[in-house]
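Student: The structure that follows is given in the form of structure tokens.
Below, the structure written as structure tokens:
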């Protein structure tokens, strides 16, 4: 609904009233709205409202050549675009039986983890800002920017990398890239104390985040929670471990867990995960030089590429949770159907609507950010 | 990594610790644009010289951001696959994905590291750019994302076709190549970028992009239908065409480290023609025949590609066509010049059969000028087409060339063509020298090699020409295969004398050629007579050039007609200075099958227009 | 219970259902084709007895030539580490406003989101689903846009105007006798 | 008229010449003879190849005019000096070509061979005269004539190639 068409309602029969937050509101992640019914400052019920960002990507993809879709998939989730490219490529590869050369697989994982780092930094900042702490958001964005510098060097683009392609990645890593990546990881580790002091063990934040937006294990499974949000409920599930893809089974990493299922647990899981990603990236820096060979397998001329008829449900673990593409080919030059299943389809809608109930209005924004909801995954 | 316990709320002093940050040096970033990364995907650059205007970038562009613009002052050269179209980018649509760079056949289009452009609302035209060597603001810009072997998206390597090994083919006339299988053909067709350079360069403008696409879609009948739009000699051209299309093909690029081979357009044509049953081809072609008769009659002299193409077009339009052929079979030079191993008889027969099935009548063994005079044809028919080809071989006329064992290549090939299988129609020499570096020289050398192999189990043939090997007019494949078959090729030699002892040819004396052309590119060979060699041979075969046998015209008509440097002068539409006579094919254009086909169409068009009153031929030549 | 045991158990379980076809595509991917009437029962069994507690997604594919919609329920078992995709087809009901099917919201809560999405985008009404209302396309009154017979590009071209550019360089080239030769819309493959 | 006759009588006449103008007059005379020969041949050959003979007529006429103009030019010496500073290379291509008897109905190749032979002969003749003449204006004029004939021959060789070597396919 367009905001101008909405009238805030005070319900005359009770003390309840409705307000509308978003779609342009600093407490809302992305172009998204949330309709709340309140009694005083307590949320009686909430209703997610999408549609402000709808670009019809799934429809668009049916009208474009297989390869042309590479340019639009990263746009589905701006803060964490790499998994979108990778999972689309994986689905096309699965249907057309293309084997990605090992070096290409390693470079893909490199990007996936670097993207996770960048996305988590972004989320720390956003989450902290909803509690009134703005410094972490400046830091998060500034430190993410250094990751974007690396992406720019690796892929030629800062935000929309368009670097993965069915068959592998478009070109090899530049000379000296791994050294610079290593320096960035050193830097991130050197920042850990600062972040801890400023955010993760700062009472100003911790006291605001604890006990907010609690999800218990049963609810988490029932509502289809995935990713860090699920792991913050004590459930050790991760697509990288349970349904491994690329070369994740050759990597050594832990799956950080928390039990409380609240906003604090979620941000702590992300904190730990960020440093697990650093650990993975260090392994890649060490191992990648010994993986020789091409970075991509040849594909047919993209202008005359009929992907064989078939279907694939490909999943990856994005920074936000389970990301899957259901891709169908009718044997033609364009996808017959691509269905994007983003983790936020759950987190930003039903989970948020449920968790918000009983919360106080000032915590709604924090709940949404703590779920790391990415509205474009809902709107597509 | 330091563990944080969920229960840990941190020291009450923790917030105060953050005061330390006031003591840290602030980080300052300049407001100036930062230099972008080395492979940044910024605004486009286009090397206007390298760009061939193929519009492949436009086809891959996922945002429909590219418009092809005609730039008149740039080179337009269809024969070499260059159009004067250049991509213009709408930066209101472009998303800088650089797929245009990755797919560009030549590597002309690239992205720069320039990324700042600001304008007011009324300067919105500045979003539409024709990229050139300099950046969008006309300043020198560094390259960003460019083509490398890794991000190149085109399949540069041709799909291999099975063929007989030199050992297997050396002693027989079986067709060398196997032709594509369905899978190979679809794979090869999939490499095409649909630029249409092939269509523009083809003398008869075959719809190659369309039939390649049809083959890729698996629809061979549609492919055949497209072919017959412009070429009733598709079996022949599918095997022996000079394939200018492949020269012009956008994928025919040198200068790329990964190499780039043109689409095997000729082999795809061969594949589609062979993939559709002969009777079905006749049905497809017959659909285009006019149901109405015009009552006009046309005589065509010569049942080669030009004559029969004209005949095909004219019967299609309801005219009555009679073809006269001096030799016992049709096909002209394609039968009596090209050996079976390149063009099997039955392929040619099938082409001719389709043409005859449309109602073309052919009278063989009928030599105009002897049995029937030109004057008679003029009286009996509404129009006459002279499509007599170049049947007579040129001689070097060096001393000794008048000897009976100095033979002309075309004459020998005609003898071979008139005989079947292992019979040549002349005595096979144990040793022979062929003078000439064209396909005819290779044809006779390779035919002779096969006979030698059969009879003597060894090949003793030297091919020699004044050109350097790279400049031989023959196809590269022909040269390669000749060498494989045991033929010796000695380039850069000028023939001086046929050596004769006791009335027997003993060899050919040659001098070394130091250079062939002058600075204007005209023929002016420089010889070094101190480097003299004699190649032993029982037979010397001349394959240096051909000419038309125009004696059939008779003196009166020869005098009536206008001529141009030894050839009958024709207008663009093939009409001669005699209002009832047209001429087409090799005898006016020089030797080339597909050119002859194109010519056949041209005269048919002109005759049809003339006979149906759409154009009156006044006998005057409208010069080109 | 380890993965292998679950898989064996799954196979026996699946035999209980009528008209079912099981394709094991890989270690962790199972495709099941099931009649529309048996699908809810299958999901019930999968969740209740076979540890497929996570409904990852419901995908819808329009097959207008077959006059059918294909619905695919992607279920994940955290224990068996296996993704089972249950495919079923329902009539497209092209002559009516909606195609119809039953909701599985009472089995899997995430179905609520996907069913609403499919309702909006494909026009399939899920009986007893709690959210059969507009969500993303609140102000759209046209046909369900993800149906194959809705041509988004044609809609855009009919509804919006493209800006025409005419920069100086183009005017100069046009005066020389050149100019725009091939527009992007002429070459869409 | 046979070639040998032309050559011998020409040589004798030229050797008898003592002034620049005499030489040029003689040379002009040769060109005239050639021109008239081709002009007489033209109607006899097939119209198909008549262009070749007609071109030869034009060529010889041009030479004739050139020599005649020079002979009448008072600054004859200076002109010739200017011309011989850039001698053309002599190609040995046509060395092997026999001088055929033209016969009744010569073809294009025969005519070209004849013309080439004729230019060759003239060229050789002027060359040897230049070599046997001491330095001075007389030597210069022979060199000039040799050079002119060489150029003409080179041009004919190109035509020969274009006609005869139509490029074996």
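Chains as they are written, first to last, in our numbering: chain A, 1 to 380; chain B, 381 to 1004; chain C, 1005 to 1193; chain D, 1194 to 1362.
The beta-carbon is built from N, C-alpha and C at its ideal position, and this holds for glycine as well.
The model shown is predicted, which means the values in this text are computed figures rather than measured ones.
1) Within its chain, find whatever has a CB closer than 6 Å to the CB of residue 757(B); leave out the 5 residues flanking it on each side and keep chain order.
2) How would you label residue 122(A), buried or exposed, when you count the other beta carbons within 10 angstroms and need 16 or more for buried?
3) Which residues of chain B have a Cβ atom closer than 8 Å to the Cβ of residue 71(A), listed in chain order?
4) I'd like to know whether the C-beta atoms of residue 422(B) and residue 466(B) end up nearer to each other than 7 Å.
5) Determine the closest residue to residue 107(A) out of 344(A), 290(A), 340(A) and 364(A), with distance taken between C-alpha atoms.
6) For chain C, is any of its Cβ atoms less than 7 Å away from the one on residue 465(B)?
7) Based on DSSP bridge pairs, tell me the residues matched to residue 164(A).
8) Secondary structure at residue 441(B), three-state DSSP: helix, strand or coil?
9) From residue 1167(D) to residue 1353(D), what does the alpha carbon distance come to, in whole angstroms?
10) Looking at the structure shown, is residue 586(B) part of a helix, part of a strand, or coil, going by DSSP?
11) Please classify residue 1296(D) as buried or exposed, where buried requires at least 16 neighbouring CB atoms within 10 angstroms.
12) At a CB distance below 8 Å, what residues from the stretch 387-418 of chain B approach chain A? Give them in sequence order.
13) Can you tell me which of 200(A), 185(A) and 317(A) puts its alpha carbon nearest to the alpha carbon of residue 283(A)?
14) Quick check: the Cα distance between residue 1291(D) and residue 966(B), rounded to an integer number of angstroms?
15) Does the distance between the C-beta of residue 1053(C) and the nearest non-hydrogen atom of the ligand PLP fall short of 6 Å?
16) When DSSP labels each residue in this structure, what does residue 1177(C) get in the three-state scheme?
17) Just reading off the beta strand (DSSP E) that residue 1084(C) is part of, what are its end residues?
18) Rounded to the nearest angstrom, what separates residue 1026(C) and residue 150(A) at their Cα positions?
19) Kindly indicate the opening and closing residues of the alpha helix (DSSP H) around residue 57(A).
20) Are the C-beta atoms of residue 870(B) and some chain A residue less than 7 Å apart?
21) Applying the criterion that 16 or more other CB atoms from any shown protein chain within 10 Å of the CB defines a buried residue, is residue 1090(C) buried or exposed?
22) Hey, out of 1087(C), 1165(C) and 1133(C), whose CA is closest to residue 1030(C)'s CA?
23) Would residue 386(B) pass as a contact of residue 258(A) if the rule is Cβ separation under 7 Å?
24) What are the residues of the stretch 1072-1086 of chain C that lie near chain A, defined by any Cβ-Cβ distance shorter than 7 Å?
25) With a threshold of 6 Å on Cβ separation, who are the neighbours of residue 635(B) within its own chain once the five nearest residues in sequence on each side are excluded?
26) Note the first and the last residue of the continuous alpha helix (DSSP H) segment covering residue 1026(C).
27) So with CB distances below 8 Å, who are the chain A contacts of residue 1059(C)?
28) How would you list, in chain order, the residues of chain B whose beta-carbon sits under 7 Å from the beta-carbon of residue 1251(D)?
29) Confirm, please, whether the CB-CB distance from residue 710(B) to residue 683(B) is below 7 Å.
30) Counting only beta-carbon atoms, is residue 1357(D) nearer than 7 Å to chain G?
31) Mind reading off the beta-carbon distance from residue 832(B) to residue 808(B)? Whole number of angstroms is fine, and I expect it under 8 Å.
32) For residue 606(B), which residues from the same chain have a beta carbon less than 6 Å from its beta carbon, with the 5 sequence-adjacent residues on both sides left out?
33) What's the call for residue 960(B), buried or exposed, on a 16-neighbour Cβ count within 10 Å?
34) If we ignore side chains and look at the alpha-carbon of each, how far apart do residue 391(B) and residue 356(A) end up?
35) Indicate whether at least one CB of chain A lies closer than 7 Å to the CB of residue 1051(C).
36) Contact check, residue 59(A) vs residue 1148(C) under 8 Å by CB: the rounded distance?
Tutor: On the basis of the data shown:
1) For the purposes of this step, residue 757(B) is taken as residue 377 along the second chain, with counting starting at 1. Around residue 757(B): 679 and 764.
2) Here residue 122(A) refers to the residue found at position 122 when the first chain is read from its first residue. It is buried - the Cβ of residue 122(A) has at least 16 other Cβ atoms within 10 Å.
3) Against the first chain, residue 71(A) aligns to sequence position 71. The answer, in chain order, is 442, 443, 475, 477 and 479.
4) By one-based count along the second chain, residue 422(B) stands at place 42. By one-based count along the second chain, residue 466(B) stands at place 86. Not in contact: residue 422(B) and residue 466(B) (Cβ atoms no closer than 7 Å).
5) For this step, residue 107(A) is matched to residue 107 along the first chain. It is 290(A).
6) Here residue 465(B) is taken as the residue at index 85 of the second chain, counted from 1. Residue 465(B) counts as touching chain C.
7) If you number the first chain from 1, residue 164(A) lands on position 164. In DSSP, residue 164(A) forms a bridge with 169(A).
8) Here residue 441(B) is taken as the residue at index 61 of the second chain, counted from 1. If DSSP states are grouped into helix, strand and coil, residue 441(B) belongs with coil.
9) Because chain D is modelled from 1194 through 1362, residue 1167(D) falls outside the range shown and cannot be assessed.
10) As a position in the second chain, residue 586(B) is number 206, starting the count at 1. Looking at residue 586(B) - three-state DSSP - the assignment turns out to be coil, as it is neither helix nor strand.
11) As a position in the fourth chain, residue 1296(D) is number 103, starting the count at 1. Exposed, by the Cβ-count rule.
12) 388, 389, 390, 391, 392, 394, 395, 397, 398, 401, 407, 416, 417 and 418
13) In the first chain, the residue the question calls residue 283(A) occupies position 283. With distances taken between Cα atoms, residue 283(A) lies closest to 185(A).
14) Against the fourth chain, residue 1291(D) aligns to sequence position 98. Against the second chain, residue 966(B) aligns to sequence position 586. With a pLDDT of only 43 at residue 1291(D), under 50, the local geometry of the prediction cannot be trusted, and no value is derived from it.
15) Although the ligand PLP was asked about, the structure shown includes no ligands whatsoever.
16) Numbered from 1 along the third chain, position 173 holds the residue referred to as residue 1177(C). Helix at residue 1177(C).
17) Locating residue 1084(C) in the third chain gives position 80, where the first residue counts as 1. Unbroken run through residue 1084(C): none, as it is neither H nor E.
18) Against the third chain, residue 1026(C) aligns to sequence position 22. Against the first chain, residue 150(A) aligns to sequence position 150. Each residue's Cα considered, the two are about 46 Å apart.
19) Translated into the one-based positions of the first chain, residue 57(A) becomes position 57. Residue 57(A) -> alpha helix (DSSP H) spans 57-62.
20) Residue 870(B) sits at position 490 when you count from the first residue of the second chain. It does not: the Cβ of residue 870(B) has no partner Cβ on chain A nearer than 7 Å.
21) Position 86 of the third chain holds residue 1090(C). Buried is the call here.
22) Here residue 1030(C) is taken as the residue at index 26 of the third chain, counted from 1. Of the candidates 1087(C), 1165(C) and 1133(C), the one whose C-alpha sits nearest the C-alpha of residue 1030(C) is 1087(C).
23) Along the second chain, one-based indexing puts residue 386(B) at 6. Along the first chain, one-based indexing puts residue 258(A) at 258. Contact flag set, yes.
24) 1076, 1078, 1082 and 1085
25) For the purposes of this step, residue 635(B) is taken as the residue at position 255 of the second chain. Contacts found: none.
26) Walking along the third chain from the start, residue 1026(C) turns up at place 22. No alpha helix (DSSP H) holds residue 1026(C); the beta strand (DSSP E) holding it covers 1024-1030.
27) For this step, residue 1059(C) is matched to residue 55 along the third chain. By Cβ distance, chain A contributes 224.
28) Working through the fourth chain from its first residue, we reach residue 1251(D) at position 58. In chain order: nothing, as chain B lies at least about 14 Å away.
29) For the purposes of this step, residue 683(B) is identified with residue 303 of the second chain, where counting begins at 1. For the purposes of this step, residue 710(B) is identified with residue 330 of the second chain, where counting begins at 1. Contact flag set, yes.
30) The structure shown contains no chain G; the protein chains it does contain are A, B, C and D.
31) On the second chain, position 452 is the one that residue 832(B) refers to. On the second chain, position 428 is the one that residue 808(B) refers to. Contact flag correct, Cβ pair sits at about 6 Å.
32) Within the second chain, residue 606(B) is the residue found at index 226, counting from 1. Excluding sequence neighbours, residue 606(B) sits near 587, 590 and 591.
33) Numbered from 1 along the second chain, position 580 holds the residue referred to as residue 960(B). Buried, by the Cβ-count rule.
34) Locating residue 391(B) in the second chain gives position 11, where the first residue counts as 1. Locating residue 356(A) in the first chain gives position 356, where the first residue counts as 1. Going from the Cα of residue 391(B) to the Cα of residue 356(A) covers about 30 Å.
35) Here residue 1051(C) is taken as the residue at index 47 of the third chain, counted from 1. So no, residue 1051(C) is outside the interface.
36) Locating residue 59(A) in the first chain gives position 59, where the first residue counts as 1. Locating residue 1148(C) in the third chain gives position 144, where the first residue counts as 1. Residue 59(A) to residue 1148(C), Cβ: 11 Å. No contact.
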